[in-house]
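Okay, structure first, notes after.
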Amino acid sequence: MQETRLEVKSVVKRSFPSFGKGDSTGDVVVETGMVDEHIVCITDPYSLAAEQYRRIRARLLKMAPKETLTTIMVTSPDMGEGKSTTCLNLAVTMAREIDYTVLIVDADLRNPSLHRYLGLKPKYGLSEYLSGKVELKDVLVRTGMRKLVLLPAGDPPENPSELLSSDRMRMLVHELKYRYRDRYVFFDSSPVLATADAFSLGRHMDGIIMVVQATHTTSKMAVKAASLMKGLSMLGVIFNNVPKYLGNSVYPYRYMSRGGYLKGPEAARRGLLT
Numbered sequence: 001m002q003e004t005r006l007e008v009k010s011v012v013k014r015s016f017p018s019f020g021k022g023d024s025t026g027d028v029v030v031e032t033g034m035v036d037e038h039i040v041c042i043t044d045p046y047s048l049a050a051e052q053y054r055r056i057r058a059r060l061l062k063m064a065p066k067e068t069l070t071t072i073m074v075t076s077p078d079m080g081e082g083k084s085t086t087c088l089n090l091a092v093t094m095a096r097e098i099d100y101t102v103l104i105v106d107a108d109l110r111n112p113s114l115h116r117y118l119g120l121k122p123k124y125g126l127s128e129y130l131s132g133k134v135e136l137k138d139v140l141v142r143t144g145m146r147k148l149v150l151l152p153a154g155d156p157p158e159n160p161s162e163l164l165s166s167d168r169m170r171m172l173v174h175e176l177k178y179r180y181r182d183r184y185v186f187f188d189s190s191p192v193l194a195t196a197d198a199f200s201l202g203r204h205m206d207g208i209i210m211v212v213q214a215t216h217t218t219s220k221m222a223v224k225a226a227s228l229m230k231g232l233s234m235l236g237v238i239f240n241n242v243p244k245y246l247g248n249s250v251y252p253y254r255y256m257s258r259g260g261y262l263k264g265p266e267a268a269r270r271g272l273l274t
């Protein structure tokens with residue numbers, strides 16, 4: 001079986017229109033030429049890869065009413081599986097194609113990356129807010145893209161686990177969920193097998209997506225990660241870099257539901273992707 005990869009073929013040299021009014025005081029414009037090529041919903045919006053994210057978006061919107069699925073965490077068993085790029089691409093496509101504001105929070109305080117993927121250099125972020133150094137309005141960054149707001153991670157702190165499990169973090173999630181009813185909030189978290197951060201944050205989430213790279217993660221790692229998240233609201237697992245199936249069809253992703261593994265055409269029919 002051959003591995004199927006979705007490659008970015010081109011970079012669109014343009015900027016997004018103004019975000020408009022919002023809660024944020026940090027107003028910047030994301031320059032597409034500075035965006036990492038893996039954020040295909042920005043750099044190559046008409047590509048096959050971007051279309052897959054739109055399909056995931058459609059599935060998410062069908063899974064539950066807006067009032068029951070506001071906060072969504074994206075994680076992975078290990079590093080290097082594509083959780084951050086998946087989280088950011090999903091946030092971008094949601095912001096572009098629905099009538100809600102989308103806030104994306106970089107809660108991977110140990111290895112923050114969302115600001116780099118967007119080519120931004122924010123002064124403050126989540127770690128400074130949780131430490132009580134700044135207010136929420138000081139860390140929200142309007143991206144210049146319609147309806148997309150970033151809350152960057154900030155400088156890596158010495159005590160990330162304590163900050164993410166703090167009352168201030170719990171109250172932040174509560175405020176983002178209930179004060180701003182007209183938005184979706186995506187959280188990019190640390191890998192499950194690396195620290196307890198994902199579980200601490202996941203307890204406050206309406207839903208959790210696990211991103212697993214089929215050519216990197218062993219079944220033992222995947223099962224271990226799932227067991228560590230037991231009891232939380234798992235929406236499913238997105239498998240990327242999936243080998244090509246025999247026959248004429250290619251399925252770039254597979255999906256694991258709460259009931260177990262789905263493979264091949266059945267995964268495409270019943271999973272996050274169709």
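In the UniProt record's numbering, the protein residues as written are 1 to 274. Just so you know, even glycine gets a beta-carbon here, dropped at the ideal spot from N, CA and C.
Within 8 Å, strictly: CB atoms of residue i and residue j
i: Leu164; j: Leu109; result: yes
i: Thr68; j: Lys177; result: no
i: Val30; j: Leu126; result: no
i: Gly207; j: Leu235; result: yes
i: Asp197; j: Val74; result: no
i: Val141; j: Pro122; result: yes
i: Met34; j: Arg57; result: no
DSSP beta-bridge partners of residue i
i: Thr71; result: Val185
i: Ile104; result: Leu150, Phe186
i: Met229; result: DSSP output for Met229 lists no bridge partner at all.
Residues near residue i by beta carbon distance below 7 Å, same chain, minus five either side
i: Val173; result: Thr71, His204
i: Met169; result: Leu130, Leu163
i: Tyr53; result: Cys41, Asn89, Leu90, Thr93
i: Ala50; result: Val40, Cys41, Asp44
i: Thr217; result: Pro77, Asp78, Glu81
i: Pro160; result: Leu109, Arg110, Asp197
i: Leu136; result: Tyr129
i: Gly247; result: Caution applies to Gly247, whose pLDDT of 34 falls short of 50 and renders its modelled position unreliable; the model cannot decide the point.
i: Ala225; result: Pro77, Val192, Leu193, Met210
i: Val134; result: Tyr124, Glu128
Cβ shell of residue i (< 6 Å), same chain only, five flanking positions each side left out
i: Ser76; result: Lys83, Pro191, Val211
i: Lys62; result: none
i: Phe186; result: Ile72, Cys87, Ala91, Ile104
i: Tyr100; result: Asp182, Arg183, Tyr184
i: His115; result: Pro122, Pro152
i: Asp138; result: Tyr124
Backbone secondary structure at residue i - three-state DSSP
i: Gly207; result: strand
i: residue 275; result: The chain is shown from 1 up to 274; residue 275 falls before or after that span and cannot be answered.
i: His38; result: coil
i: Ala196; result: coil
i: Arg55; result: helix
i: Leu88; result: helix
i: Asp167; result: helix
i: Lys121; result: coil
i: Met221; result: helix
i: Met94; result: helix
i: Gly247; result: Legend: pLDDT at Gly247 = 34, less than 50; position of this residue unreliable, value from coordinates given subsequently. Coil, per DSSP.
i: Lys133; result: coil
i: Tyr178; result: helix
i: Glu128; result: helix
i: Gly22; result: At Gly22, the pLDDT of 39 sits below 50, so the modelled position is not reliable; the number obtained from the coordinates is stated separately. Reduced to three states, the DSSP call for Gly22 is coil.
i: Ala64; result: coil
i: Glu81; result: coil
Cutoff 8 Å; reference residue i; Cβ partners in own chain excluding five residues on either side
i: Leu232; result: Phe199, Gly202, Arg203, Met205, Ile208
i: Gly154; result: Leu109, Pro112, Pro122, Tyr124, Gly125, Leu126, Ser127, Glu128, Tyr129, Val139
Residue i beta carbon near the ligand NAD (any heavy atom closer than 7 Å)
i: Glu135; result: The ligand content of the structure shown is nil, which means the ligand NAD is not present either.
Pairs of beta-carbons, one from the segment 179-197 and one from the segment 219-233, closer than 8 Å: are there three or more?
Segment contact: the segment 179-197 against the segment 219-233, three or more CB-CB distances shorter than 8 Å; contact assigned.
Does the structure place the segment 150-158 close enough to the segment 101-120 that three or more beta carbon pairs sit under 8 Å?
Of all C-beta pairs linking the segment 101-120 to the segment 150-158, three or more are shorter than 8 Å, placing the two stretches in contact.
Three CB pairs or more closer than 8 Å across the segment 127-142 and the segment 75-92:
Contact annotation: the segment 127-142 does not touch the segment 75-92, with fewer than three C-beta pairs closer than 8 Å.
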